[in-house]
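With this note's numbering as the guide, the letters of the sequence shown map in order to residues -5 to 87.
Quick reminder that beta carbons are idealized off the backbone N, C-alpha and C, glycines included.
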Amino acid sequence: SIYGDSAYTDYGLEDFALMKKCVLLKIQRKSNAKRTDTIEQKNEKLKMRKRVETTISDIKKMFPRTIHAVTLEGFLIKLTLFVFGLQLNKAIN
């Protein structure tokens, strides 16, 4: 399952991902969506979205104001190390 924001509502893509790739896209629906969610589905998606946003916020707190990297590979290495550092920090505390 992949969770997504309501901005990614594309029923064709959802059907394609499920049929061809066996990936269930769990998109948070807008109030006027053609495919509606049950209360349980809505609560599950909301809970997962809060968890994702909290995790991203925690990662951003560890970043310095700027990241100096000369190459894309250097930037990705630093980004990976920040995420790894967050995991270590959460495991220790």
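Measure the alpha-carbon distance for residue i versus residue j and round it to whole angstroms.
i	j	result
THR32	GLU47	23 Å
GLN22	ILE86	33 Å
LEU7	LYS15	11 Å
PHE78	ILE50	13 Å
ARG59	LYS28	42 Å
THR30	LYS84	36 Å
LEU82	LYS44	21 Å
LYS41	LEU80	21 Å
GLU67	ASP52	23 Å
Measuring alpha carbon to alpha carbon, tell me which residue in the options is nearest residue i.
i	options	result
SER(-5)	GLU8, VAL17, ASP52 and GLN22	VAL17
MET56	PHE76, ARG29, GLU34 and VAL64	PHE76
LYS24	ASP9, ASP4 and LEU12	ASP4
ASN26	SER0, LEU66, LEU70 and THR65	SER0
Please report the Cβ distance between residue i and residue j, rounded to the nearest whole angstrom; I am assuming they are in contact, meaning their Cβ atoms lie under 8 Å.
i	j	result
LYS39	LYS20	6 Å
THR72	ALA63	Residue identity check: residue 72 is Lys in the sequence provided, not Thr. Between ALA63 and LYS72 the Cβ distance is about 6 Å, and since that is below 8 Å, they are a contact.
What are the uninterrupted segments assigned as alpha helix (DSSP H) that are 4 or more residues long and contained completely in the stretch 2 to 45, given in chain order? 5 to 14
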